[in-house]
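J.: Below: one structure in structure tokens.
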Amino acid sequence: MTKPLVLIVEDDLPILEGLKYNFEREGFDVLTATNGRDALQRARQALPDVVILDIMIPPPDGWQVCRELRADAKTKNTRILMLTAREDEMDEVVGFSLGADDYVSKPFKTRPLIERVKALLRRTPPDSDDRETLSISGIEVDRTRYVATLDGQELILTPTEFRMLWTLASQPGRTFTRNELLDCARGEDANSSARTIDVHIRSLRVKLGERAEVIDTVRGIGYRFKPMASK
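Take any residue in the sequence shown, note its place counting from 1, add 14, and you have its number in my numbering.
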């Protein structure tokens, strides 16, 4: 069985070596880079399954690396988890808007980080759905800009709510179990349980207002997107 390949981009050598050691123990193949130039070169050559990308690296910085990976046809679907020591929540917004799949602040614990990478790998392979936008029941979702609107009005969603909305709306009628939706939540809370999905769904329904019924409960299983005519 082929091992998943992770590229770790970090200029703090103790952190880099610690991550490399622990990911290899978990059965990953690991490549490393300490600056943006080498990161882009290795990502394009090796096509890793996941890139763990620190923002504050020697040029180009993590923002630019993420932007270039998403713009390159060979790496546009690579899963990207961004790391930062900064505490500005706008960094998270920028990271998701550039196409990052997950975002972790330093200091972090290694075990939850590994589990988050595994969660990224369990998601539906990106190349199975190349759409960047979708429109259904008056709801528009643009995952390149991380923006969702309802009848033209922007919805203020958390990253978890946005990912849940995209997941459900991208396959209308399909029932997703709580465990399947759990990967959407782990981007914000590594300790999420299946039952916390109900909390996120409840919040998403509140934000959808009169259109809340499109998020349909399938008793004992999970949730599905039930299309309705736009109002």
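For each residue, glycine too, the CB sits at the ideal point set by N, CA and C.
Under 7 Å Cβ to Cβ from K34, same chain only, skipping five residues before and after it: list those, please.
T.: Within the same chain, Cβ atoms closer than 7 Å to the Cβ of K34 are found at I22, V44, T46, the five residues on either side in sequence being excluded.
J.: How many angstroms separate the CA atom of C198 from the CA atom of Y160?
T.: The straight-line gap from Cα to Cα measures roughly 14 Å.
J.: Spatial neighbours of V20 within its chain, please: CB distance less than 8 Å, with the 5 preceding and 5 following residues excluded, ordered by chain position.
T.: Sequence-distant partners of V20 (beyond 5 residues in either direction) whose C-beta falls short of 8 Å from its own C-beta, in its chain, are F37, F42, D43, V44, L45, P62, D63, V64, V65, I66, V131.
J.: In the DSSP assignment, find the unbroken alpha helix (DSSP H) run with I211 in it and report its ends.
T.: 210-222 is the extent of the alpha helix (DSSP H) around I211.
J.: Note down, one range per segment and in chain order, each alpha helix (DSSP H) of at least 4 residues found wholly within the region 15-98.
T.: 27-39, 50-60, 76-85
J.: Taking the alpha-carbon positions, what's the K221 to L169 distance?
T.: 7 Å
J.: For I69, I'd like the list of residues in its chain whose CB is within less than 8 Å of its CB, leaving aside the five on either flank, ordered along the chain.
T.: D75, G76, W77, M96, L97, T98, R100, D105, G109
J.: Nearest-angstrom Cα distance between I235 and E194?
T.: 10 Å
J.: Would you check if the distance between the CB atom of F176 and the CB atom of L182 is smaller than 9 Å?
T.: no
J.: Rounded to a whole number of angstroms, what is the C-alpha to C-alpha distance between Q55 and T89?
T.: Cα-Cα distance, rounded: 11 Å.
J.: Could you tell me which of R58, W180, P73, V232 sits nearest to A87, measuring between CA atoms?
T.: Looking at the Cα atoms, R58 is the closest of the given residues.
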